[in-house]
Structure formats: C-alpha cells, structure tokens
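Notes for the one structure printed next.
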Amino acid sequence: MSSKFAVFRPLHSTLAFALVLAAASCSDDDELVIPNRVLDRPMDLVLSCVEIDASTDGVKVRSVNECAGADTSGPVTRCDDRNVSQLLGFIANSEKNEVAIFSECSNGLVDMDQSTPGYNFIPVGSLPSAMVSSFDGCWNVTANYGSCDLSVLEVPPLAAMAFGINPQAEPASFVTQLAPLRADGSPLGARPGEIIAVPRRLSNSVDAGDGDGDGDGDGDGDGDGDGDGDEIFEASECSIESSGSVYVTFPSCQLIAEIDLESHRILQSRQFVRDPNNPDDPNAVIVFDAGTSPECPVDCPTQLIEAGYDPATYDVPVEAGGVFPQAMALVEFSSEETATETYDVLYVGGSGSERLFGLQYDTDNNGIPITDGDWQEEPLFLDLPRASGIHRIRPTPFMALGEFNSIDTTVRDYQFLYVISGDGSTRVVSRDLADITLGEECDTQIDPTLGTLATCTPADPQEHPPERRAFVDGPGIRVPGGGAVVTDWLFEKVNTPDEGTGDFGFAPYEQPGVVGVGVTNFGRVLFVTFDQLRNFNPGANFDELELLDTTVEPHMLWPVQTDPIIGNLPRMENTAPNRAITGEASGLNATKVLSPTLRRIDLAYAGSDAPGRLAGEGPVIDNEDGLGGFEDDQVGVETVYSEEAVRAVARDYRAWVPGAWELRWEGTIPGTASGTGQLVCDTDALGWESATCKPNAPGDSRLVDSSASFCDDGVLAGDKLFLAGCTDDDNCGGESRGQKCLREPDSISGTPAGICVPANANEQELLDACREFIHDPCAPPISREFSITHAFQNELWLQALDRPKTSYLVNLNEDDETLPPELEEREERMVCLEEQPDSGCVTKRDCADAFDALELDPQLVSDYGVDYACVDKKCRRTCVDLREEDLDTWGEFAGECTLRRLPGPRCFAELAQYEVQARNSFVLRGPGDYNFISDRVKVDPDTGECYEDESVSPLLTSRIRLGEDLEDTVYNPLWPVPECPPGQESSSDPNPCLITDLRPENLGPNFASKYHYFRYNEDERVDALDTLPVVPAIRFSNPMMSLVLDLTSLLDLNQEIPGFEGSVWPSAMAAFRRSRIPSNYGERFDTAVGYIPYNDGVVLSNQPLIGPVRLVNAPENGVVFVVDASGRGSTLGIRGQVLRVLLRPQVLADENFVVR
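Numbers given in our numbering equal positions in the sequence shown, counted from 1, plus 52.
Structure below.
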C-alpha cells in the first residue's frame, strides 16, 4: 500500500493511495518571489517524496512519511541537497488546465520552464478537478472534468525538472492523455468525478502485480491501515507496464469504473440506476454489472469524433432523478490493527441518493483476491434518511474505544465513515467490521441527559426522535456559524502527548487517540473528538453537584479550553438577576415581592444575614452547592460565583451560548405586533351605537389581518389580544392618513390613553360612545385586552376578559397603632373609584371618604362583600359580579367585573395597532434562536386553527403557564403542569413540571440535589419539619439548560415584610397566588460563554483562508496542507492558494510557505 491518507481520505474527488515520487536536484538560485494569481482555482493536491542520488542524480521513490521532519522548527532541507528526502506537491490548477508543482525545500511553486517569462507548469486536460497518485508513486493522475479524460503524469522526470535536472525537456512530454475506452476501443465520453488508485493486490490490471493476484507477493495490503502515514514500501523503478489502475466515478453515467492506466481500457464497472419496479422509493436502486462497455450519456462528443466514432451511436439520455455517484472511499482489510477481522470495501455515494453503497471483493480471509479484484454482485447498502445526497466519504482509522454502561467498561474496535451530505451536516456511520452489513448510522446529537455514553447510538430514522437533542436537525455533525458546512475531513492517530508539554493536556494532539480535522466553507479549521475527553471535567473542583455538565462525547467538536478553567464552564454571568416589579411593592402592596423568582445558588439563601426560615429535610440551609463563596471564606479558595447568580443546570454543553435572557410575565409573542389589524363584529352582534360588540356565537367578534401569520408566530387559543393606544394625532398618522387621536380632555398627557378615529368624525359623539375604551380611573395604563378563543393564521376570535384578581395586604390592627401589624393577604377583582384623594392613598383609611361618597346600597355591600383598599396609590373597591336575579335591582353594576366589552366598528373603524401576549404565562426568551414560543404550534389542516403539536419535543417551548394557585396550576383542565417524573431528567419529561423532591439534608450526587423545593418556617422552629408549609417550585427546561422557578420568592419570603419593620411573613404566604404578579413583571439574567468549539481562521500574509476544498496530511503529525479554491472572494485578488497549516499548539499558517 502507500501513504497515510490513501486508505482513509479520498482527495477532492479522489482517494490517493500511493503518494511517492522520484528525485532530482535544485539550487538556491531557483528560489523566486512568487507573484499573485499564479494559481487559479486549485481543486486538489497529491504529495510525493523523492530522493536524489548524490552520485548518479538517479531518482528513488520514497513513502511520503519518509519526508517527515520538514517542520519549520526542524532542520531546513536545501533544494540542492542529495541523498535526503524531498517533498513535492502536485496541484490540480483547474482554471488554467494545468498541474502546478511546489517543493517544500523552496517553500513555494516551481517554474518548470525558467527560459519563458512567468510561471510555467504542466499542461493537462481541461478543468482538472481531482488527483491521485498511483500505487507505486510513479504516476500522478488527474481527472479532467472539462475534457472527459484523465491525464497521467510521469513523476520521476517531472520531479527531476522541478529540481533543475534536465531543464530543456518539455513537461508535456511526460504527460499522457487517457480517454477511458470501451471494449470496442470507443472513448467513453463521460465527465469524470472522483478518482482513487487501486492497490496492486486488488487491481485487474494485467501487470499490476506479480501474477498471483497479491501485487507484491506477500498479500499484506497497506501494512497497518491506520491512516497515520507510516506505511513503508521499497523504492522501485517506474514502468508504465506496472502502472496499475484507478477507480473513477462518472456521475452523469451513474457509473463507477476501473480504468487501466496502460491500456486505457475499462476493466470492470457498475451502474447505479433507479429501480423501475419501485418508482416511489427514492432509495430503491439497482446496482448492475455494466461490464467493459457501459452505455453513457456523451458529455464530450468531440472526444468520440476525433477517435473516428459517431457520438449519436453511443449517446443515451441522462437518467432523471439518478444517483449520480460521485463520492468514493476504499477501506482495505486489516489483520493486525483490529481484533475483528475486516475486509476490503469500496464505498460509493451520489449527490442524487441518500443510500450509501459498499462494494465488496471476492477475497479470502487474508485479503487475497480469489477472482482478481472483481466486485461482488450484491453490494452492501445503508440509507441515510434526509441526507439530501452524499458528496464525500472520509473513513477514519481503526480505533479501540470504550463502551460505558452501569456495570463496567468494555473496549471495542471501531471504524467510522464520515459522510459529508447535502443537508449541510456530516453523517457518521459505524462500519460493520465483519462486513455482514454496511454498518449503522450513529446519532451524534443524542440528548446528553439520557446518559447513554455510547460510542455509537444508532440513529432513529424518525425526523424528530425523542432521544435527539431538541435544537438540531438530523443526526449528523453540524458546525458553528449560520450556513457553515464541512467541506473535507482528515484523521490522524496520536500515540503520545504533544512533545514538550510533559503531560497530557486537553487540546487536540495532547491526548492519545484519533483526531479528526475539518475545514469549512467559511475558511475555518475545527477538530472532532472520539473518546479523548470523555472523562474531562473542568468543573470538578468547582461544581461537586455536577450542575455545570461539560461532558464531551465521541463525534463532538473539540472544545477550546481557556485559563482560568472556570471560563470553560456553562455558567451564568457573575451577577444577580435584575428583577422588575411595577407599581408599589411595600406596605399593603408588599405581596408583589413574593411573585415567582428564578432559583439562585445556595449563596443567596445561606448567607450570614439570612434569618434561616427556609428548611429542607434538615433545618439549616448551608452553602452546599459550593458555586458561590462568602467574602470571609479562606483566601485562595476559588468559586464560580461571588454574586447571587441564577442557579441553572446545564442540560447540553454544546447548546450553551452566551447572551441576555428575560423571563417576562404575559410577554409579547414575537412577530405579532402590527398596525394592520381590522376589528370585525357581525351585524347581528353589534352593541349600543355600534361602539361595542355582543357576540351571539363564537367568531362574531374577531380581528382580521391578511398580513399576519399567527400560527407561525406561536399564537394559541387562551392568549390575549392587546390593542395599543395613541398619545396624539401623530401616533395615528395625522392628516396624511386622515386620522386623529380620540382622548378624554383630562387624560394624562403623554400616555397612550386614546384610540385612532377618522379625522372628520364628531368628536363629542365618539367621546360618549367610546368612553369604554378611553376612560379608566385606574389609568394609566388603560388595558384594552381581550381573550383569544380561537386562533388562525390571519384571524383571531375574541371574547371579553374578566378583571384579573389583585393581591394586597390588610392590616387588621390598622385602627390601633399601639398594636403590631396583623397582616392578612386578600385577593379580589377590583375597580378604581372615580373620585380619588388629591394626594393618592397609602392606607385603607385614606380611601374611607371616597368609598363612603359612593353611597352604595348596604344590602349590595352585604350580599356581595363589597370592600375597599388602597392598591398602588389608588383607592379601589371589589367589583360586583352581579347575579341574574339582581339585574332589576342593581342593574347599573352589570358587567362591572368584565375588563372591557368587545370593540365595535364605530370606535375601531380604522386599522388597529395590536400585539398578542401569552396570557397567564411566563415567557422565557434568550439570545438568537433561543425563543421557542412557536416551535410546537402548527396549523390544523382540517380547520386551519392553530394548535399545539404534542409530538414536538417539550423542550421547544418558552411558556410557563400558571393557574390561580398551585392546585389550578397542576390540575388545570387545559394546560396542566404535571409532577416531574422521578429519577434522571429526560428530554421526554413534561415541561414545565412540578418538582416533588424536598431539598435533602445533605446535598450529594443525587437527582434531588439538582431539583428540589424548600419549606418555610416563620417561627424559625427546628422541629416538626414535615408540618412546615411547602414553597412550590417548577422545573423548566429548554435545549440548553434547566431552571427552577420558585412560585413564591424564597429570598423575599426569608426577609422581613417591606414597609413593616421587624415583621415576618406568615407561613400561609409560602403558598402560591398568581394575583401577586404585577403587569410587566419579569427577571433578566445573562449567560456567560461556555462551550466553544475550535473554529479557527487561518491567515497568511493578510490573506485569509476563503474556500478550502481539500485537506491533505503532511508527513509530519499535526501538519496539513489546505487547498483553497478562493475564487473571486479573495481580498487581495488571489484566485487560489495552498497553505501549510500547523495544528499544534495552535492553528497557524506556515508563514514561510507561500503557494498561491
């Protein structure tokens, strides 16, 4: 066999097998400054290692790995040195129809004809797009897409010219154009795709081997097959009679074929055609033996004409919806590297099919062909659902990896196929080493909370299986950056840590094992892990409860590790959350501070200033999670936080992103704000003066907006419509739109108290008719809110809302100032009194006169329990929810507990400004795509109504719905919040869910340590803990993290009551009441940087890597060559370059190597 990437990494359209070349000589005078734009869209590269004999200038072909040591830190090889290995690179310079050569000794391109101005290279066919080196390294072959042929380059004389030997020769004289020939001698005329060299023991070329089918007589294949470049072969004389053969794909012909490099004949072929008996299955493909004379569409008719053949005689139509085989990879048998015996398999994939094929050979258990190198009749295959085609196949080396389970750890042999697919991902296939089947696809996106720890979890063919991470599409590897895709992979084995470190680190090449290296279409370099970081836990010393999980599973992108190590943890910014409470929040309005809050780290509840009224299974809450540290902690002890940060459990290290988060009560549903809503009321439902609407049936009152897409935005029945008000005529468009702002004359200036009406309308008549929508003694604000009973893409059906309940405190000892406050919480639906005290109110007594002035019927007050209070500096009384039998007696109070009657066309004849809000719900929104309000909302195909699709992952939601109290929350008939299942958290758990574990007395490695609730003890008792009232808590998760929402604020419950110095919250206040939550209430917090995969750009002389298309291993470990096709994207006018990139200790371009 040959070089390290021959088996495992087919080149751009090729799989290189033998990368060796002959040697010659050069001098320092040959080194020139390289101008820009010498290369023009380079597409591929092969390497050759040569040695020049000092006495004879003879050429010896060496294995590429023998050219190791040319690292910039090592000894410098001069171009005129003899008896040393010299590295050359042959570049497919596609746009100029030539092959360029660079020498590593000169760190630049080689001019093949210095007597002619400019740089002169080797002419080949049109648009060379792929290259390979023959099995013996004597021939480099290009696949020429434009001219439908191959070019065979004779390496020894070309290498000699590159080193200044025989400079008078013409490079073209060492190039043979090879048009693949059928049995009758006619050219195939089809455009080639990918090309790989056939190892001698598998080649059907007559002179490829030594007559016994094994090529070199020992049947040992490539030596070790590990893909690390250490295969050794003896230098040999080069002869066209032993040049061997190549495999070539012909996409338009649905063909792969073996081509003899000497005779140019097709030796064998297979065509991949759709099964005519199964037209509905896109993956139903028949693979048949097309022999030595396949029929193909003629892409290059001139080729046949010049050979004396009529193209029309041979032309066939291109198959519609064909496989279009392009990608190939050959994996040879291994008898030493794995405990499991393996066999030779040629893997094939096409851009038009999601099926991966494996062609096997008729060989014995030692890999020796029984019938030359013929493929077996029936191929292996594996479907990759929703792959959208296969573009490249990159096999890894064999590797032994651990399988972890609850009992023990076992070690198995693995080899993976990294398949670059059309869906923008890399699909991972675990090869069946026994070759009974092709293998199985691995799901690289398994939810880490499942704790599977499998090296390969079989991918579920479902589109959204429950065990998959919720925030990804498909099972394949995806890379950072919108639209970024991997264009090529290569793999290297690392046996020892990086030299000079003295220890194993956590960066690529610092851990033994296989390292995967990839490049993306954005010009970035990244790495993939296998099992190197499975036991890596940077937070072990800071996070004993493992809340900040940093598990790195096989096939994950390698994370960057920073110093200090805390910077690698998925954590919050080191600040307390910012809490927004509107209105008064002390005195009789103090219950607002008990509104639900996000759980914080133990530091917040275990401080020395905390009264200690919170309890779990034990009476004392200590700083057990260890995430935060007190100021008087011992010097030198490092903690994650010094502030009372939000306590989050990292669900998915990969999904962790930095940014701002907001938990907002009844938050706006993004995308619903609009100024083109039309309020409609059916004629038979019109109310008084057509100002209001009295629906007789569902849908009589509705909002219609043809530009809206409510279902796509996430609107559901049960949400509410908010109609915006205007502050002045300009808000309504002014004269240009013929509208004005209708406001009460005494409304507060600058507040949105008005509505937009026609400019020519009678203002006084509308003031009377529309008073419902512009007047409110509680204003500002005026709440024009309506319940949504049915939601459609462009229409919302409306219903009036009841006034929400308001929580407030009553001091039963208010009339006797000598007594301490005796506080009691009440919640009522309330209306503001029309007449308010001049300076507002603070206590209930301040409202007595205004309430007495109402002169309410004492019987009404008694029957309906009418009371009054001071809430948010406004005197209010309980509304009268009038019973039908009392309409004749107190009819003026009818509908008083309705927030607003439904709008009619007289008051809302113009297009309305509106938005939709998530009613009775918290909405959690984060940075970027972390807004899942719409992910579970679909359109019913039968009714057109928006509904919540229960089949979509419950993690993809941003809503936390809350009932009036805990019972109504847990047992709500429409949106219940069930109890969290016991044990390990799962992606299929209900979300949100009620936490049922009491905080353990001692936190440890158990589930309750992550999610638990507290008890509250107003008397600071330490006995009878089981009788203390519960502070209910909810677990809420998204793909990135899980949070705990305490339905009563623990911090505030554990402090004195604001406005009542020295007072303590009664135990009953531990219970949850939704009425405490004020409008626009919320909390904000920030997540810090956590998981950051390597995603490094490469820059050489201010020119960045732009469009990498190929990766080629250099002879040295940790060094690669990158072929950059660039194109017109270059900032410096460069149309292509090859970079020599050092991958350790950091990704850097070799500044001395300039090939462009």
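For each residue, glycine too, the CB sits at the ideal point set by N, CA and C.
Rounded to the nearest whole angstrom, the CA to CA distance from ARG326 to ASN335 is 8 Å. For GLU837, no alpha helix (DSSP H) encloses it; the enclosing beta strand (DSSP E) starts and ends at 837 to 843. The beta carbons of LEU254 and GLY425 sit closer together than 9 Å. Just so you know, the alpha carbons of LEU485 and GLU384 end up roughly 11 Å apart.
About 6 Å separates the Cβ atoms of GLU246 and ALA379, confirming a contact at the 8 Å cut-off.
Runs of the alpha helix (DSSP H) lying entirely within the stretch 735 to 783, each at least 4 residues long, are 762 to 765 in chain order. Under the DSSP definition of a beta bridge, MET882 partners with THR930. About 6 Å separates the CB atoms of ARG855 and CYS931; that is less than 8 Å, so the two are in contact. Shortest Cα-Cα distance from SER199 to any of CYS352, ALA214, PHE324, ASP764 involves CYS352.
In the DSSP annotation of this structure, VAL1172 is not part of any alpha helix (DSSP H); the continuous beta strand (DSSP E) holding it starts and ends at 1171 to 1176. Under the DSSP assignment, ILE826 falls in the alpha helix (DSSP H) whose first and last residues are 823 to 826. Around the beta carbon of GLN969, a 10 Å sphere encloses 16 or more other beta carbons of the protein chains shown; the residue is thus reported as buried. When C-beta atoms of the stretch 744 to 756 are compared with those of the stretch 983 to 993, fewer than three pairs fall below 8 Å, so the two segments do not count as touching. Under the three-state reduction of DSSP, ARG706 is assigned to helix. Nearest Cα to THR1139 within the set ALA235, GLU817, LYS112, PRO629: PRO629.
Rounded to whole angstroms, the separation of the alpha carbons of SER759 and ALA1085 is 40 Å. Within the same chain, GLN378, ALA379, GLY401, SER403, ILE472, SER473, GLY474 come within 8 Å of HIS443 by CB-CB distance, once the 5 residues on both sides are set aside. Among the bridge pairs identified by DSSP, ILE633 is matched with none. For VAL913, the enclosing alpha helix (DSSP H) stretches over residues 910 to 916. Runs of the alpha helix (DSSP H) lying entirely within the stretch 1010 to 1077, each at least 4 residues long, are 1018 to 1022 in chain order. Going by DSSP, THR365 is part of the alpha helix (DSSP H) stretching over 363 to 366. The beta carbon of THR496 sits closer than 7 Å to those of VAL480, PRO527, GLY528, ILE529, HIS607, all from its chain and outside the five residues before and after it, given in chain order. For ASN863, the three-state secondary structure derived from DSSP is strand. Residue state for ILE673 is assigned as coil, using DSSP reduced to three classes.
Runs of the beta strand (DSSP E) lying entirely within the stretch 591 to 645 and spanning at least 3 residues, in chain order: 630 to 632.
Taking a C-beta distance under 9 Å as the contact criterion, TYR1068 and ARG1087 do not qualify as a contact pair. When C-alpha distances from GLY1142 are compared across GLU625, VAL571, ALA452, the shortest belongs to GLU625.
Comparing alpha-carbon positions, the option among ILE498, ARG521, SER1061 lying closest to ASN675 turns out to be SER1061.
ASN117 sits in a helix when the DSSP states are folded into three classes. For ASP414, no beta strand (DSSP E) encloses it, and the DSSP letter there is neither H nor E.
Taking C-beta atoms as the reference points, ALA776 and GLN965 count as a pair closer than 9 Å. Our two residues, ASN1024 and ASP771, have alpha carbons roughly 15 Å apart in a direct line.
Shown here for TRP1117: same chain residues with a beta carbon closer than 7 Å to its own, the five before and five after excluded, namely GLU1070, LEU1105, ILE1109 in chain order. DSSP places ARG483 in the strand class (E or B) of the three-state scheme. With fewer than 16 other Cβ atoms inside 10 Å of its own Cβ, GLU1031 counts as exposed. Classified as buried, PRO622 has 16 or more neighbouring CB atoms from the shown chains inside 10 Å of its CB.
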